[in-house]
Structures are given as structure tokens and as C-alpha cells.
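In our numbering, the protein residues as written are 20 to 327.
C-beta atoms are modelled at their ideal positions from N, C-alpha and C, and glycine is treated no differently.
Remarks on the structure that follows.
Right, dumping it as C-alpha cells:
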């Protein structure tokens, strides 16, 4: 087990930007208009954003250069492309939450695996990531077999939180906001005990320095201990789920059940085993869609290593 305080201090806050006025404008506009008409707005915004947030931009350039082995120039342009795709995913998200989701289509690989789990009596965990637009998939399963409980950052603005809750309720989805008093832990356990589904984002660390170190693209990387410790303790199936944007209105979904650890392992060893399987599966998705991982902080700690 490992702890990391410096990395935790530099990570993204988890809060959607734009302010309440900007968010209200997007909800009102995208409720009536197809999202593609807003994509051109990103052309002046993204280059400015890349210059102002140069540290985050540098982290993405490093990711393409050192993880995927691209040339310097290709890494630079891929980082800009990454920001454009991220901007489109954010706009798509507002369009979905505004109730204008019919313009999107999702093709899910191994969809039957997910549907089979929904029909079984026990609960399970969906281990998501910041690839593409995970939120979109939940709106397109349109199932009533089990409630889906999505663990979300609790610091969003009131308008966005209200829209998200309203949209979730139409698709048998509940939200569980992360809270300082750890009430969300009890809500997660209660949901799993009831045989429901819990969706956790497992490729970022929020609020806690407790981590697991795993091999990720051949380099040591830290994942949040709590998510995988919970999965090991509850002994429920874990599904890795990603949704990558292919073109304007089409997303590709990937469903993969992670291998279960041996019962003879102790709790922390089981948690690390699940984390390793998650990292391996996420690698496979990112090899197909390297430009769609929206982790804008120093995930591998390369800045620390260069200053030692």
C-alpha cells in the first residue's frame, strides 16, 4: 500500500466549470438545438485553455510522448485534439442532461454481459473511468431490473446537480454524492446489500491519500484504495465500463467483467488484484482510444521524478 499527498494536491477538483449562468445557458440552448451546432465554439476556446492551463496540458503531452511513444510534434497535436474531444464530451453531457439525448447513439460491446448481470439477484460494481463519456451509457441501457447508484463528486453547482438528479431518475439511476462525513460509504454498502448496482470512477483519487500502486502501461501508477477495497470486501462482481466517442453522435461502449481474486487471499491482496485487472482492462481501451482519457494531472508522478 502507498500514500501520496503531493499528487492528491495537484489533481483536478472534480467540479464542472462554466459557472451557474453558463451552465443554465447550455441547458436552455441544448434542450432545443443539436449539440453539433455548438462544437465550433471550441475552436477559439481550446487553444486559449491549453495556454492558460499549461501544467495540465503538459501532463497530457507527457502522456502521449512517454506512454504511447508518439513523436514530440504528434504528442503536442494529440494533446490539443484531446482537449477538443473533451470539450465535445462536456457539451454532449449537457445535451443529455437537458433532455435532448435522442440525437446520440451508443453501440455497446458485450452488452449482453451487462444485461445478464442485471438479471441476477446480487449486486455488482461498475468500475468506470474518465474515458469518453461514461454518463451517456447509463441513459441508454433503459433498464428496470436494478437501480444504478452513481457515486458523484458532491461539490457541483445546484443547477447541474438538480439537472443530473432529474435526468437520472428517468432511467432508474440514483446519485450518491461523495461527502466529508463518509455517509456515501454506508449508502454504497446498503445499495450492494440490496442487490443493486454501484458505479464508481476508479482512475482518480478524490479526498484521500490512500492508494494502491499497480502497473499501468509498464509504469507504477496509483489508484484509489477505497474503491477496490470495497469491491474486495463485498465480494461482488466488478465490471469495467467505458464509453468512447467515435464521431459526432455515436459512442462506443466497452463492457468487461474483471476476473475475481482467490478467496484464499487476504483483503488487501484481493483489492490489489482487482485494481490490477482494472488497470489492464483500461489499458486495452486506451490503446484503441488514446486521445479520450481525460486525466489532466500528473498521474504517473513524472514531475516529482524530474525534480529529484
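- Item | Residue closest to residue 322, alpha-carbon to alpha-carbon, out of 100, 77, 193 | Relative to the Cα of residue 322, the nearest Cα in the group 100, 77, 193 belongs to 77.
- Query: Going by Cα to Cα distance, which pick from 252, 163, 92, 273 is closest to residue 262?
  - Reply: For the set 252, 163, 92, 273, the Cα lying nearest the Cα of residue 262 is the one of 273.
- If you draw a straight line from the alpha carbon of residue 127 to that of residue 134, how long is it in whole angstroms? Distance between the alpha carbons of residue 127 and residue 134 is about 11 angstroms.
- Item | Three-state class that DSSP yields for residue 198 in the structure shown | Of the three classes helix, strand and coil, the one that applies to residue 198 here is coil, per DSSP.
- Task: Give a single yes or no on whether residue 283 has its beta carbon closer than 7 angstroms to a heavy atom of the ligand GDP.
- Result: Within the structure as shown, the ligand GDP is missing, as the structure has no ligands at all.
- Could you check where the alpha helix (DSSP H) with residue 252 kicks off and where it finishes? Segment 244-253, the alpha helix (DSSP H) holding residue 252.
- Message: Just to confirm my understanding: we take residue 314, look at its own chain, exclude 5 residues before and 5 after, and list those with CB closer than 6 angstroms. What are they?
- Response: Same-chain partners within the cutoff: 149.
- Item | Nearest neighbour of residue 122, chosen from 62, 80, 49 [CA to CA] | Per the Cα distances, 49.
- Message: Quick check on this structure: which residue in 236, 171, 218 has the alpha carbon closest to the alpha carbon of residue 249?
- Response: For residue 249, the closest alpha carbon among the candidates 236, 171, 218 is that of 218.
- Query: In this structure, does DSSP put residue 219 in helix, strand or coil?
  - Reply: Strand at residue 219.
- Message: residue 115 and residue 74 - do their beta-carbons sit closer together than 8 angstroms?
- Response: Not closer than 8 angstroms, so no.
- Scan the stretch 65-127 and note each continuous alpha helix (DSSP H) run of 4 residues or more that stays entirely inside, going in chain order. Counting only runs of 4 or more residues that sit fully inside the stretch 65-127, the alpha helix (DSSP H) segments are 73-81, 91-116, in chain order.
- Query: What three-state label does DSSP hand residue 258 in the structure shown?
  - Reply: Strand, per DSSP.
- Message: Per DSSP, what are the beta-bridge partners of residue 266 in this structure?
- Response: DSSP lists 269 as partners of residue 266.
- Message: So if DSSP puts residue 168 in a beta bridge, which residue, or which two residues, is it bridged to?
- Response: In the DSSP assignment, residue 168 forms a beta bridge with 193, 217.
- Give a yes or no on whether the C-beta atoms belonging to residue 213 and residue 142 are separated by under 8 angstroms. Yes, Cβ-Cβ distance for residue 213 and residue 142 is below 8 angstroms.
- Message: Rounding to the nearest angstrom, what Cα-Cα distance links residue 163 and residue 192 in this structure?
- Response: Between residue 163 and residue 192, the C-alpha separation is close to 10 angstroms.
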